[in-house]
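With UniProt numbering applied, the sequence shown corresponds to residues 1 to 175, in that order. For glycine and all other residues, C-beta sits at the position ideal for the given N, C-alpha and C. Since we're looking at a predicted model, the values are computed, not measured.
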Amino acid sequence: MKIVVMGILIIGLSLLGTREYVIDKPQSKVGFEGSKFLAVSVEGKFLEYDGKINIQDGVIHTLEGKVVVDSVESGNTTRDKHIRGKSLIESQKFPYITFAMKEYKQLTEHDGEVIGMLEIHGIAKEVRLTSTLEHTQNGYTLCLNGKIDVKKDFGMESYTIMNNSIKIDVLLALK
């Protein structure tokens, strides 16, 4: 019993030094990049999102996020309707994209790997994202990058002119 209590105390004390950071949305971006015809780049972003980020001494302890699918903006309203529609994310059925970090591996002073569960289109899959965490005057800047296959990994239909590989590009200004 003493060992359990000691373990709980150690975990509790180690979490005391973590600080929860708030996303400075005007300085941040939750974006993606795909391509059509395997050559024409298509970029987009989500305008509505939120998250929970706890950092201690330059190490990420908690990272969770939620994106509103209907807030997608790619510069083309027809394409945005397709992204929200039945062929891709089906926002009426699956209104959110969520991410929950399971593990953070610090590789260098600023670079690391974030491993977590990404849920899109009702399917949750473990993904690995490269991360760069830079200390700033107001807090931190966190960049996350990775790739997913919307058809194979998340069961979306997609289109014949669309490359199924999508790059994830997230920049979070944290204060």
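Minimum C-alpha distance to I120 - residue among L171, N163, L88, I55 | Closest option to I120, Cα to Cα, is L88.
Are the beta-carbon atoms of E90 and D80 separated by less than 9 Å?
-> No, Cβ-Cβ distance for E90 and D80 is not below 9 Å.
Candidates I123, D111, Q106: which alpha carbon is nearest F99's?
-> I123
DSSP puts K29 in a beta bridge; with which residues?
-> Per the DSSP secondary-structure output, K29 pairs in a beta bridge with L171.
What runs of the alpha helix (DSSP H), each 4 residues or longer, lie entirely inside the UniProt domain "Lipid/polyisoprenoid-binding YceI-like" (20 to 175)?
-> Fully enclosed alpha helix (DSSP H) runs of 4 or longer: 77 to 84.
Contact between the segment 108 to 115 and the segment 127 to 141 (3+ Cβ pairs under 8 Å) | yes
Taking three-plus beta-carbon pairs below 8 Å as touching, is the segment 51 to 71 in contact with the segment 14 to 34?
-> yes
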